[in-house]
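J.: What follows is a single structure, and I will ask about it in a moment.
Protein chains: 2
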Amino acid sequence: MTDCLAARVIRAIRSVVGPESSPLHEPVFAGNEWQYLKECIDTGNVASQGRFLEIFEDQIRAVTGAGHVVAVASGTAALHIALKLADVGEGDEVLVPALTFVATANAVTYCGAVPHFVECEDRTLGIDAELLKYHLVNNTEMRDGRCINRHTGRVIKALVPVHVFGHPADLDGLCDLARDFCISVVEDAAEGLGSLFRGRHLGTFGLVGVLSFNGNKIITTGNGGAILTDCATIADQARHIATTAKVAHRWEYKHDQIGYNYRLPNMNAALGCAQIEQLPELVKAKRNLYGKYLAAFQQVDEVELLAEPSKAKSNYWLQAIRLRNGSTKDFNKILEVGNDLGYQLRPIWTPLHQLIAFSECPRASLSTAENLGQSIINLPSTPHLGSI
Amino acid sequence: MTDCLAARVIRAIRSVVGPESSPLHEPVFAGNEWQYLKECIDTGNVASQGRFLEIFEDQIRAVTGAGHVVAVASGTAALHIALKLADVGEGDEVLVPALTFVATANAVTYCGAVPHFVECEDRTLGIDAELLKYHLVNNTEMRDGRCINRHTGRVIKALVPVHVFGHPADLDGLCDLARDFCISVVEDAAEGLGSLFRGRHLGTFGLVGVLSFNGNKIITTGNGGAILTDCATIADQARHIATTAKVAHRWEYKHDQIGYNYRLPNMNAALGCAQIEQLPELVKAKRNLYGKYLAAFQQVDEVELLAEPSKAKSNYWLQAIRLRNGSTKDFNKILEVGNDLGYQLRPIWTPLHQLIAFSECPRASLSTAENLGQSIINLPSTPHLGSI
């Protein structure tokens, strides 16, 4: 291997993860997973009956400080319900960062609304509050206390800050802005379990927030997600419409609106209970892994390791490097060489406005998002790599 | 207890299920459930990775004879995808029986389409093909090979036969009719795993069919469902849009359309693998339970036990009695007395056109569905009650 940038990046990765191939992220089952699952089988409570769903919601409440938690079948389902409860409906617009997993924008469309893509910042990879303010001032007007996109005539109902790779977005700036423009904040903290901003857990800053427990997240329930809110009415509604909107009755089957089949099964919640008990150790391992990568990449001048923003304590869910200007030409080479050698490297997502399904959506100027899309690469981030 | 009808019904139930309280339906975990779930934990494959999802789909294919099977997170998700792949979209109409679980109609609305409720028959509780023909002849016209509702101007894209309690609907009549009117058949066999019509498994008669593995079904995956089809293109599309429509690539994140996060996690599929191995015994126990109830209700003249239709072999998922004309006044009394005593009795669903969310939808005359809604009661149906 020549001494090109790709070779030096791979050497740095190898010095941390060792010579064996390494996936991007693998779950750790080192606790009560088997015991709790066995209880589900032994009691017959794998589905909607059983104690784990309630316990898991309590645990999430304790970890996040959210007033109310509703566990559901996926982070996508959580987003869908959260947006609906932020009154996002047919013909509304929702401000979404161009750099996020596609589920953020998909969930907007499930509500019949249109994603409106906004710019990201270099520092956090989240929405750039300064540029968003400029964009809103120039392209919207307030009518009857609602923010209207002057070009489309649609109401901008919600703003969805995404905490990319577990690093908090600029919640100070974004929450202020949302208040000024009468837009609800629906926080996509899918990747943020265990991350804090100003000492407060992600997902608790907006009207509603969501978490994901997908297979590659810091803890997993197989697939799963949660809705966080401090509003009891929203929580009740979330629980209601996530369970087919069935009206409580001993035997009658009546439903008072269109609902969804989105509740997390008890067996998946059981896995979550065992997993979340290990969260402090998982966050510690991931933060430690950051230190290892930091040391390893010290010698690679063209590369910067993504660090938690100020005022934040990040879960460092996925480690990431950024290729500095002038080195982005090696982006694909690094991905190719790394994956060929069995180190699962992954670029940040394709900016969503570049996908065919969203190419006609309204958007701000997105040059930073586009540049980031060609310069950020995730590194193997399985927690045990960071064990001390 | 006086010798009123409710008392005699309860006596008949007690003679079958015994003096202890009895839920409507409980799953049976008598096979490899532990072993398969433990493998998921031990290998770390609880989510999208792992062998059980593929094995489970193979098993469903073997049991049903469907050409292709795609396992998903719920029966509702399966219906949603199935309807989309039958080209049901914004502003279309879909023929749905008035008597079905609400998910059938909800899934139609997820596609932006409108349910059009049609009449059920006494014999099967499924859609009445004769009356549907009459309704279509009188209310639709063919234009460019499409069936148009003359009153709404909307295209009727699909017909959804539902196999209530596992008993096959009149598939001969319904499939003929659908062909004559150029309407696709999307078969809701959520309750029909293990049921045959003319020797062929339910869910394989239409363009697409769906199964459910919800907690109260004959087998369970916690929550889950499957899409059945003989068309490879539809199966590929189902798999694709159920997994966020991600285009296969070693590292790139590109999605070629709006997709969903609907795939069944490996750990839920593992449970399904263990469960479906026991299907023959479960069907046998349920059919045997029917025999026990039949004998027990011999003396209750006002009540008829729901039997499999001709040409069908039913899984008898839920046992049901029908109160004969003149006895429906005791409907609520029977439900109340039974549930008070711990026998979980359940009425058939509220006819969907009577729910507020669907009250404005187009519909046929629905007097039979309305009568059935006040005369059908499900009995405790847990398989072990039928063990010999």
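Note that the protein sequences, when read in sequence, are chains Y and L. Residues 32 to 419 (my numbering) make up the first sequence, in order. Residues 32 to 419 (my numbering) make up the second sequence, in order. Even glycine gets a Cβ: it sits at the ideal position worked out from N, Cα and C. Owing to the predicted nature of the structure, the values given are computational and were not obtained by experimental measurement.
Determine which residues of the stretch 244-262 of chain L have a Cβ less than 7 angstroms from any Cβ of chain Y, and write them out in chain order.
T.: Of all residues in the stretch 244-262 of chain L, Asn245, Gly246, Thr251, Gly253, Asn254 have a Cβ within less than 7 angstroms of some Cβ in chain Y.
J.: My output table needs one value for Cys71 (chain L): the three-state DSSP class, helix, strand or coil.
T.: Cys71 (chain L): helix per DSSP, three-state reduction.
J.: With 8 angstroms as the threshold, decide whether the Cβ of Ile41 (chain L) is near any Cβ in chain Y.
T.: No, Ile41 (chain L) lies away from the interface with chain Y (no Cβ there is under 8 angstroms from its Cβ).
J.: Is there a Cβ of chain L sitting closer than 8 angstroms to that of His280 (chain Y), yes or no?
T.: Taking Cβ atoms only, chain L never reaches closer than 8 angstroms to His280 (chain Y), which makes this a no.
J.: Who are the near neighbours of Ala263 (chain Y) in its chain, counting only those whose CB is closer than 8 angstroms to its CB and skipping five residues on each side?
T.: Correct list, in chain order: Gly98, His99.
J.: Below 9 angstroms on C-beta distance, what does Leu366 (chain Y) contact in chain L?
T.: Result: Arg281, Trp282, Glu283.
J.: From Y:Phe196, Y:Gly176, Y:Thr171, Y:Leu190, pick the residue whose C-alpha is nearest to that of Gly184 (chain Y); which is it?
T.: Nearest C-alpha to Gly184 (chain Y): Y:Thr171.
J.: Please name the residue in L:Val139, L:Gln90, L:Leu130 whose C-alpha comes closest to that of Thr107 (chain L).
T.: Cα-wise, what sits closest to Thr107 (chain L) is L:Val139.
J.: I'd like to know whether the C-beta of Arg377 (chain Y) is nearer than 8 angstroms to at least one C-beta of chain L.
T.: Arg377 (chain Y) counts as touching chain L.
J.: Buried or exposed for Glu88 (chain Y), please, with buried defined as at least 16 other CB atoms from any protein chain shown within 10 angstroms of its CB.
T.: So Glu88 (chain Y) counts as buried.
J.: To the nearest whole angstrom, what separates the beta carbons of Glu124 (chain Y) and Ile187 (chain Y), a pair I think is in contact under 8 angstroms?
T.: Confirmed, about 5 angstroms.
J.: Quick check: what's the CA-CA separation for Gly234 (chain L) versus Arg355 (chain L)?
T.: Answer to the nearest angstrom: the Cα atoms are 31 angstroms apart.
J.: Please classify Val168 (chain Y) as buried or exposed, where buried requires at least 16 neighbouring CB atoms within 10 angstroms.
T.: Under this definition Val168 (chain Y) is an exposed residue.
J.: Tell me, please, whether the CB atom of Ile307 (chain Y) is closer than 8 angstroms to any CB atom in chain L?
T.: No, because no Cβ of chain L sits closer than 8 angstroms to the Cβ of Ile307 (chain Y).
J.: So if DSSP puts Gly373 (chain L) in a beta bridge, which residue, or which two residues, is it bridged to?
T.: DSSP lists no partner for Gly373 (chain L).
J.: Note the first and the last residue of the continuous alpha helix (DSSP H) segment covering Pro311 (chain Y).
T.: 310-327 is the extent of the alpha helix (DSSP H) around Pro311 (chain Y).
J.: Is the stretch 308-327 of chain L touching the stretch 223-233 of chain L, taking contact as three or more C-beta pairs under 8 angstroms?
T.: Yes, the stretch 308-327 of chain L is in contact with the stretch 223-233 of chain L.
J.: Can you tell me whether Pro382 (chain L) is buried or exposed, with buried defined as 16 or more other CB within 10 angstroms of its CB?
T.: It counts as buried.
J.: How about Trp348 (chain L) and Phe132 (chain L): are their beta carbons less than 8 angstroms apart?
T.: No. Outside cutoff.
J.: So, helix, strand or coil for Ser46 (chain Y), using DSSP?
T.: Correct three-state label for Ser46 (chain Y): helix.
J.: Should Pro340 (chain Y) and Thr155 (chain Y) be called a contact, given that it needs their Cβ atoms to be closer than 8 angstroms?
T.: For Pro340 (chain Y) and Thr155 (chain Y), yes; Cβs fall inside 8 angstroms.
J.: Let me make sure I understand the geometry here. Which of Y:Gln350, Y:Gln329, Y:Leu162, Y:Gly143 has the alpha-carbon closest to that of His111 (chain Y)?
T.: Nearest of Y:Gln350, Y:Gln329, Y:Leu162, Y:Gly143 to His111 (chain Y), Cα basis: Y:Gly143.
J.: So with CB distances below 9 angstroms, who are the chain L contacts of Leu68 (chain Y)?
T.: Trp65, Leu68, Lys69, Cys71, Ile72, Met298, listed in chain order.
J.: Strictly by DSSP, which residues pair up with Cys178 (chain L)?
T.: DSSP output for Cys178 (chain L) lists L:Met173 as bridge partner(s).
J.: Can the beta-carbon of Val47 (chain Y) be found closer than 8 angstroms to that of Leu416 (chain Y)?
T.: Cβ distance < 8 angstroms, so Val47 (chain Y) and Leu416 (chain Y) count as in contact.
J.: Please state whether DSSP places Asp153 (chain Y) in a helix, a strand or coil.
T.: Asp153 (chain Y): coil per DSSP, three-state reduction.
J.: If you measure from the beta carbon of Phe148 (chain Y) to each beta carbon in chain L, is any gap under 8 angstroms?
T.: No, because no Cβ of chain L sits closer than 8 angstroms to the Cβ of Phe148 (chain Y).
J.: Buried or exposed: Glu150 (chain L), going by 16 or more other Cβ atoms within 10 Å of its Cβ?
T.: Its Cβ being crowded by 16 or more others within 10 Å, Glu150 (chain L) is buried.
J.: What would DSSP say about Ala200 (chain L), mapped onto helix, strand or coil?
T.: Here Ala200 (chain L) sits in coil by DSSP.
J.: Ser105 (chain L) touches chain Y at which residues, Cβ-Cβ below 7 angstroms?
T.: Per Cβ cutoff of 7 angstroms: Asn292.
J.: Which chain L residues sit within Cβ distance under 9 angstroms of Thr381 (chain Y)?
T.: Near Thr381 (chain Y) (Cβ distances below 9 angstroms), the residues of chain L are Glu283, Tyr284, Lys285, His286.
J.: Identify, in the order they occur along the chain, each residue of the same chain with its Cβ nearer than 7 angstroms to the Cβ of Glu401 (chain Y), setting aside the five sequence neighbours on each side.
T.: So the list reads Pro382, once near-sequence residues are dropped.
J.: Three-state secondary structure (DSSP) at Glu88 (chain Y)?
T.: Glu88 (chain Y) falls in the helix class under three-state DSSP.
J.: Would you kindly work out how many angstroms separate the C-alpha atoms of Leu68 (chain L) and Ser79 (chain Y), rounded to a whole number?
T.: Approximately 18 angstroms between the Cα atoms of the pair.
J.: Does DSSP classify Leu259 (chain L) as helix, strand or coil?
T.: Strand at Leu259 (chain L).
J.: Applying a beta-carbon distance threshold of less than 8 angstroms, which residues of chain L neighbour Gln80 (chain Y)?
T.: Chain L residues near Gln80 (chain Y): Gly246.
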